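Peer 1: Dumping the structure here so I can ask a few things about it.
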Amino acid sequence: MVLHSTCIMSIPSTASIDSQLPTSWSSYTFPEISTVMPSYTSRLWSQDSQPQYWSKYQVWEWLQQMLDMHQIDAASIPFQNFDVDGRQLCSMTFQDFTRAAGSVGPILHQSLNELKWNSQFPGVDFSPLDVIKSEPDDFPCPFPESNIYATDIYDPSFQSLVPVASPTPSSPDTKRSHSRPYQVKKHNPRGTHLWEFIRDILLNPERNPGLIKWEDRTEGVFRFLKSEAVAQLWGKKKNNSSMTYEKLSRAMRYYYKREILERVDGRRLVYKFGRNARGWRESEK
DNA sequence: TTCCAGTTTCCTGATT
DNA sequence: TAATCAGGAAACTGGA
1 MVLHSTCIMS IPSTASIDSQ LPTSWSSYTF PEISTVMPSY TSRLWSQDSQ PQYWSKYQVW
61 EWLQQMLDMH QIDAASIPFQ NFDVDGRQLC SMTFQDFTRA AGSVGPILHQ SLNELKWNSQ
121 FPGVDFSPLD VIKSEPDDFP CPFPESNIYA TDIYDPSFQS LVPVASPTPS SPDTKRSHSR
181 PYQVKKHNPR GTHLWEFIRD ILLNPERNPG LIKWEDRTEG VFRFLKSEAV AQLWGKKKNN
241 SSMTYEKLSR AMRYYYKREI LERVDGRRLV YKFGRNARGW RESEK
């Protein structure tokens with residue numbers, strides 16, 4: 001099954017990135033993860049957004065998308081090696097990617113090539129084989145089974161993101177739930193909990209471009225700097241484009257009862273890890 | 001099939 | 001006035 005050749009490029013205009021370091025992400029609409037397909041990256045990063053014009057921030061955004069998409073642990077990539085803008089990123093060779101990101105490098109390199117291809121030839125399906133062929137230096141892909149283009153079984157969790165069906169927006173299937181505009185796929189493990197997601201942002205400053213910050217590291221007190229942006233990220237992770245801070249905060253408040261979070265009275269956007277939250281203390285790392 | 005945990009959504013009212 | 005907080009209620013999903 002050659003998915004990439006059947007994938008019609010459909011790029012929502014809202015996915016285009018036309019600003020540098022957005023002060024508010026509330027207007028930044030993440031694409032439906034349910035559209036994740038082998039050409040996922042080229043949809044996500046619209047063809048209008050040519051990687052060579054990315055800011056450093058957008059490079060990091062792309063990296064984060066790659067991590068999420070391939071279920072790669074953030075710790076496996078030294079983000080400081082990607083403190084580059086789009087122009088510098090595009091000038092990186094296959095070897096540069098391998099040096100910078102190790103075994104993940106080939107995946108990133110391949111993804112970037114797809115983006116470059118699509119920005120140059122919008123509407124023309126990317127042929128990863130062409131890239132492999134054009135890579136004279138033996139392309140020693142360490143993930144033969146993880147070639148996202150080769151099959152649809154790259155990763156069970158990734159597969160779970162592929163839509164079971166492709167109902168039209170107006171079809172009844174999409175209206176299964178009035179209050180649930182997204183579909184969580186079967187066999188998709190519950191995965192990260194919200195509080196763990198928040199914790200991981202706090203523990204990975206490289207992945208946290210000013211979204212949440214520690215107020216008191218030892219006490220586990222933290223504050224949302226860009227609440228809507230965090231909600232958007234959480235929504236993206238859960239394939240829920242309608243996530244808002246209001247909804248996210250409701251989920252956060254449920255943690256009070258379970259003592260995963262504690263109330264911090266009188267301070268907006270401030271939360272504190274509770275006794276049942278694990279893994280946030282420096283001594284636990 | 002049922003139950004449950006963990007959200008998600010919607011809502012009203014209070015507070016900043 | 002808008003943003004945020006608080007919490008009730010119902011709905012939904014995946015897993016056991």
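Start counting the first sequence at 1; every next residue gets the next number (UniProt numbering).
Beta carbons: idealized from backbone N, C-alpha and C, even for Gly.
Since the model is a prediction, treat every value here as computed from it, not as a measurement.
Compute the beta-carbon to beta-carbon distance between Lys213 and Leu225, rounded to the nearest angstrom, for a pair I have assumed lies under 8 Å.
Peer 2: Correct: roughly 6 Å between the Cβ atoms.
Peer 1: Would you list the one or two residues that DSSP bridges to Trp214?
Peer 2: Paired residues: Phe222.
Peer 1: Rounded to whole angstroms, what is the Cα-Cα separation between Trp280 and Arg199?
Peer 2: So the alpha carbons of these two residues sit roughly 6 Å apart.
Peer 1: Under the three-state reduction of DSSP, which class applies to Leu261: helix, strand or coil?
Peer 2: DSSP places Leu261 in strand when its eight states are reduced to three.
Peer 1: Tell me which residues share the same chain as Glu259 and place their Cβ nearer than 6 Å to its Cβ, disregarding the 5 neighbours each side in the sequence.
Peer 2: So the list reads Gly274, Arg275 and Asn276, once near-sequence residues are dropped.
Peer 1: I need the DSSP call for Val59, collapsed to helix, strand or coil.
Peer 2: The answer is helix: DSSP assigns Val59 an H, G or I state.
Peer 1: Assuming Leu211 and Ala229 are in contact, meaning their beta carbons sit under 8 Å apart, how far apart are those beta carbons, in whole angstroms?
Peer 2: Between Ala229 and Leu211 the Cβ distance is about 5 Å, and since that is below 8 Å, they are a contact.
Peer 1: So is Pro144 buried or exposed if we call it buried at 16+ other beta carbons inside 10 Å?
Peer 2: Bear in mind that a pLDDT of 28 at Pro144, under 50, signals an unreliable position, so the model cannot answer this.
Peer 1: Pick out whichever of Ser242, Ser283 and His193 has its Cα sitting closest to the Cα of Leu261.
Peer 2: When each option's Cα is compared against that of Leu261, the closest is His193.
Peer 1: Could you tell me the distance, in whole angstroms, from the CA atom of Val2 to the CA atom of Leu233?
Peer 2: Confidence at Val2 is low in this model, with a pLDDT of 29, below 50, so its placement is unreliable and the value that follows should be read with caution. C-alpha separation (whole angstroms): 30 Å.
Peer 1: Who does Val104 pair with in a DSSP beta bridge?
Peer 2: In DSSP, Val104 forms no bridge with anything.
Peer 1: Buried or exposed, going by whether 16 or more other CB atoms sit within 10 Å of the CB of Tyr255?
Peer 2: Burial call: buried.
Peer 1: The beta strand (DSSP E) that contains Lys272, what's its start and end?
Peer 2: Taken as a continuous stretch (DSSP letters only), the beta strand (DSSP E) holding Lys272 covers Val270 to Phe273.
Peer 1: For the alpha helix (DSSP H) containing residue 290, name the first residue and the last one.
Peer 2: As displayed, the chain neither begins before 1 nor continues past 285, which places residue 290 out of reach and without an answer.
Peer 1: Round the Cβ separation of Leu63 and Phe82 to the nearest angstrom and send it over; I've been treating them as touching at under 8 Å.
Peer 2: Rounded, the Cβ-Cβ distance is 6 Å, consistent with contact.
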